[in-house]
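In my numbering, the protein residues as written are 20 to 653.
By construction, the Cβ of each residue, glycine as well, lies at the ideal position given by its N, Cα and C atoms.
Below is one structure, written out as structure tokens; comments come after it.
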Ligand code: GAL
């Protein structure tokens, strides 16, 4: 049986939980788009729908600072007061995701520039350069005014910094300011230009630098750009966005040290190294937008939720946004069938969410998101979707002890490392590997077997897990590789897939035969990669102690097993099809003593367990079919 873990809850998060009292329910609230009669109706409807938490003012900077240094918070005071009187807590946005239009006119250097030199202009949102000191100064000054104004407001429960950092094209900037910032970042990382030359392998193609001032961001170039330059630029971009976040968080910590801080992450996105970000949030927040037309989305969503829970070692997290029904930004925007919103919501709670929040409370009348579904649709409160929303609010409120309950730890961990993700998807490789697809494919057989999975970083503690799944750990330092080996030596079971152990953290090949530091662990050498015209990956393997468990048509090994220390290391030289993968996973689980979360699940269902403060266990059973959601208590 698995044991719950008790991740440390940051003390100021307790203040948030004390205010909420039951799982958070509500959504993005944009009252600036409406007049007074609507505001009054909003309050009544929120009360009726069991709303206890809204995210306020995400895109309201232009309303609050209509001219540089001229602040207008009076309108916002009214909303904060009304929400407090209605018993609704506020996640107050710092509003800095989208600067007012005047900033681009007064400070055009704050606009982001693409790799090909294209400038991104205002008129949409998030049109700012992450390295711009001017943007950061304006943002921090604004946040200070906001925090001073609402520090002691009874509605204020949580800060929401920016919005979905890195979600739009402005995630990477190539302007002159960013170029200088990149040079500074490289100086700090390498100290000398010779160290950089060594790490970047610049003796190749006459790229050797004699000064940091010769280095550019990886702009549009005639051929393949230096891979380590690209990799470091990804690291830099994630760090620059984090620096923007931290500048605001530091201001908030100074003025409102009692209020916890979060920001909402985009569905498992490549841009940000979320394990590096996680320590700077009191609670992880996530926006989940499964495509109702995608048959895989239920499992992919489960994986995303596992990632969010893993970011802070199993701590519950907040579902900050989801759509009640359709979104507006796909080419074809499927509605959710009735009942699906409930299933999606409980799926999040099962995987550790302490809130079920939506984008957005009331459907906009104008603007680019007017066809996005909302808790109050254009048709008003009599709409069937709103009735469904109200019923879900009531249902969640009936389980107050779910709030803050500990998600039970899984026996299986899947390893995710953002720098590896960036590196494995670089160009000029034997074949393209789409890492997120790979992670989903490795997660799926466990999901289908109703076996719970956690997600861990490469620097994480693997020891509590019976099985460690490692998809394509292509770029890995000697030290991190050693930790994987130590885990197996101590009795763990490893499932590692092809194109692992190939390069170090600077994308330089581990010499002496593939897969470098994992050869003795896996008991084999990969002599050549052999990607096939049909899209499958294959490898020519020489066994050096491992046994072949499966073979290619040629009879050469495709899946191997090797006893190492007290543990076992499996290697997949190709991606098995779904059925073969499932068969393999069933065998590995059986050998390792790993079982489904509940013994009596019907086919197609899976469960996750949360443990409440008084030690009782709540099992949430999820089924995409007719049976939907069942909540069981021991
Ligand atoms: C999110 C974003 C929201 C809204 C929503 C629509 O990515 O944070 O502001 O745009 O998408 O689905």
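* Asked: Do you know whose CA, among 264, 589, 616, 72, lies nearest residue 603's CA?
  -> Locating residue 603 in the chain shown gives position 584, where the first residue counts as 1. Distances from the alpha-carbon of residue 603 to those of 264, 589, 616, 72 put 589 closest.
* To do: Tell me whether residue 389 is buried or exposed, calling it buried when 16 or more other Cβ atoms sit within 10 Å of its Cβ.
  => Here residue 389 corresponds to residue number 370 of the chain shown, with the count starting at 1. Flag for residue 389 reads exposed.
* To which residues does DSSP link residue 414 through a beta bridge? -> Residue numbering aside, residue 414 sits at position 395 when the chain shown is read from its first letter. Bridge partners of residue 414: none, in fact.
* Does the ligand GAL have even one heavy atom less than 8 Å from the beta-carbon of residue 391? -> Counting from one through the chain shown, the residue named residue 391 turns up at place 372. Yes, the Cβ of residue 391 comes within 8 Å of a heavy atom of the ligand GAL.
* Is residue 285 near the ligand GAL, in the sense that its beta carbon is under 8 Å from a heavy atom of that ligand? -> Taking the first residue of the chain shown as 1, we reach residue 285 at position 266. In this structure, the C-beta of residue 285 approaches the ligand GAL to less than 8 Å from one of its heavy atoms.
* Minimum length 4: unbroken alpha helix (DSSP H) runs contained in the region 291 to 323 -> Segments of the alpha helix (DSSP H) lying fully in the region 291 to 323: 293 to 297.
* So, using beta-carbon positions, are residue 462 and residue 488 closer together than 9 Å? -> Taking the chain shown and counting its residues from 1, the one referred to as residue 462 is at position 443. Taking the chain shown and counting its residues from 1, the one referred to as residue 488 is at position 469. Closer than 9 Å, so yes.
* **Pairwise C-alpha distance: residue 465 and residue 611** => Counting from one through the chain shown, the residue named residue 611 turns up at place 592. Counting from one through the chain shown, the residue named residue 465 turns up at place 446. Rounded to the nearest angstrom, the two C-alpha atoms are 13 Å apart.
* At a cut-off of 8 Å, is residue 184 close to the ligand GAL when judged by its beta-carbon and the heavy atoms of the ligand? -> Start at 1 with the first residue of the chain shown, and residue 184 comes out as number 165. Result no, Cβ not under 8 Å from the ligand GAL.
* Going by CA-CA distance only, name the one from 572, 346, 577 that's closest to residue 566. => Start at 1 with the first residue of the chain shown, and residue 566 comes out as number 547. Each of 572, 346, 577 was checked against the Cα of residue 566, and the nearest Cα belongs to 577.
* Asked: Where does residue 20 land, buried or exposed, given buried means 16+ other C-beta within 10 angstroms?
  -> As a position in the chain shown, residue 20 is number 1, starting the count at 1. With a pLDDT of 35 at residue 20, under the threshold of 50, the modelled position of that residue is not reliable, and the figure given next carries that caveat. It counts as exposed.
* Asked: Is residue 147 near the ligand GAL, going by C-beta to nearest heavy atom under 8 Å?
  -> To locate residue 147, count along the chain shown from 1; it is residue 128. Checking every heavy atom of the ligand GAL against the Cβ of residue 147, none is found closer than 8 Å.
* To do: Indicate the three-state DSSP secondary structure (helix, strand or coil) for residue 473 in the structure shown.
  => For the purposes of this step, residue 473 is taken as the residue at position 454 of the chain shown. Reduced to three states, the DSSP call for residue 473 is strand.
* Evaluate residue 185 with the Cβ neighbour count: other Cβ atoms within 10 Å of its Cβ, from every protein chain shown; 16 or more gives buried, anything less gives exposed. => The residue given as residue 185 occupies position 166 in the chain shown. That one is buried.
* Asked: Counting Cβ pairs closer than 8 Å, one from the region 203 to 220 and one from the region 229 to 249, do we hit at least three?
  -> Cβ pair count under 8 Å is three or more, so yes.
* Asked: Any heavy atom of the ligand GAL closer than 8 Å to the Cβ of residue 378?
  -> One-based indexing of the chain shown puts residue 378 at position 359. Yes, since a heavy atom of the ligand GAL falls inside the 8 Å radius drawn around the Cβ of residue 378.
* CB of residue 61 within 9 Å of CB of residue 378, strictly -> On the chain shown, position 42 is the one that residue 61 refers to. On the chain shown, position 359 is the one that residue 378 refers to. Cβ atoms of residue 61 and residue 378: not closer than 9 Å.
* **Same chain, Cβ closer than 6 Å to residue 153, five either side skipped, listed in chain order** => Taking the first residue of the chain shown as position 1, residue 153 is located at position 134. Counting only Cβ-Cβ distances below 6 Å, and skipping sequence neighbours, we find 126, 129.
* To do: Apply the 10 Å Cβ neighbour rule to residue 325 and answer buried if 16 or more other Cβ atoms are within range, or exposed otherwise.
  => For this step, residue 325 is matched to residue 306 along the chain shown. Residue environment for residue 325: buried (at least 16 other C-beta atoms within 10 angstroms of its C-beta).
* Asked: Is the CB-CB distance between residue 132 and residue 194 below 9 Å?
  -> Along the chain shown, read from residue 1 onward, the residue named residue 132 stands at position 113. Along the chain shown, read from residue 1 onward, the residue named residue 194 stands at position 175. Judged by beta-carbon spacing, residue 194 lies within the 9 Å limit of residue 132, meaning their Cβ atoms are closer than that value.
* To do: Could you pull out every residue in the same chain whose Cβ sits closer than 7 Å to the Cβ of residue 585, ignoring the five residues on either side in sequence?
  => Indexing the chain shown from 1 puts residue 585 at position 566. So the qualifying residues of the chain are 508, 509, 510.
* Asked: Helix, strand or coil for residue 437 per DSSP?
  -> Within the chain shown, residue 437 is the residue found at index 418, counting from 1. Residue 437 falls in the helix class under three-state DSSP.
* **residue 188: CB within 8 Å of a non-hydrogen atom of the ligand GAL** => Position 169 of the chain shown, counted from the start, is the residue given in the question as residue 188. Not under cutoff, so the answer is no.
* Neighbour flag for residue 84 against chain B, beta carbons, 9 Å -> Looking at the structure shown, chain B is missing, and only one protein chain is on hand.
* **One or two residues paired with residue 284 in a DSSP bridge** => Position 265 of the chain shown, counted from the start, is the residue given in the question as residue 284. In the DSSP output, where bridge partners are listed per residue, residue 284 has 305.
* **Validate contact between the region 194 to 211 and the region 281 to 301 using beta carbons, cut 8 Å, 3 pairs** => The region 194 to 211, when compared against the region 281 to 301, does not touch it at the 8 Å Cβ threshold.
* How is residue 36 classed by DSSP in three states: helix, strand or coil? -> As a first step, residue 36 is located in the chain shown; it is residue number 17 there, counting from the start. In this structure, residue 36 counts as helix in the three-state DSSP scheme.
* From 80, 136, 214, pick the residue whose C-alpha is nearest to that of residue 181; which is it? -> Residue numbering aside, residue 181 sits at position 162 when the chain shown is read from its first letter. The residue with the shortest Cα to Cα distance from residue 181 is 80.
* What is the C-beta distance between residue 188 and residue 111, in whole angstroms, given that I count them as a contact (C-beta under 8 Å)? -> In the chain shown, residue 188 corresponds to position 169, counting from 1. In the chain shown, residue 111 corresponds to position 92, counting from 1. Going by Cβ atoms, the distance from residue 188 to residue 111 rounds to 27 Å, so no, they are not a contact pair.
* Identity of the residues DSSP links to residue 494 by a beta bridge -> Taking the first residue of the chain shown as 1, we reach residue 494 at position 475. Paired residue(s): 522.
* To do: In the DSSP assignment, find the alpha helix (DSSP H) that holds residue 203 and state where it starts and stops.
  => The sequence position of residue 203 within the chain shown is 184, counting from 1. First-last of the alpha helix (DSSP H) with residue 203: 195 to 209.
* Asked: With 16 other CB atoms within 10 Å as the buried threshold, where does residue 282 fall?
  -> Taking the chain shown and counting its residues from 1, the one referred to as residue 282 is at position 263. Within a 10 Å sphere around the beta-carbon of residue 282 sit 16 or more other beta-carbons, which makes this residue buried.
* Is residue 499 near the ligand GAL, going by C-beta to nearest heavy atom under 8 Å? -> Here residue 499 corresponds to residue number 480 of the chain shown, with the count starting at 1. Not so, every heavy atom of the ligand GAL lies at least 8 Å from the Cβ.
* To do: Take residue 435 and list the residues in its own chain whose beta-carbon comes closer than 6 Å to its own, dropping the five residues that flank it on each side.
  => Here residue 435 is taken as the residue at index 416 of the chain shown, counted from 1. Take residue 435, set aside five residues on each side of it, and the residues of its chain with a beta-carbon closer than 6 Å to its own are 474, in chain order.
* Regarding residue 243 and the ligand GAL, is the C-beta to nearest heavy atom distance less than 8 Å? -> Translated into the one-based positions of the chain shown, residue 243 becomes position 224. Flag unset: Cβ of residue 243 not near the ligand GAL.
* To do: Could you name the residues of the same chain whose beta carbon sits closer than 6 Å to that of residue 41, not counting the 5 residues immediately before and after it, in chain order?
  => As a working note, residue 41 is residue 22 in the chain shown. Here the set comprises 416, 419, 422.
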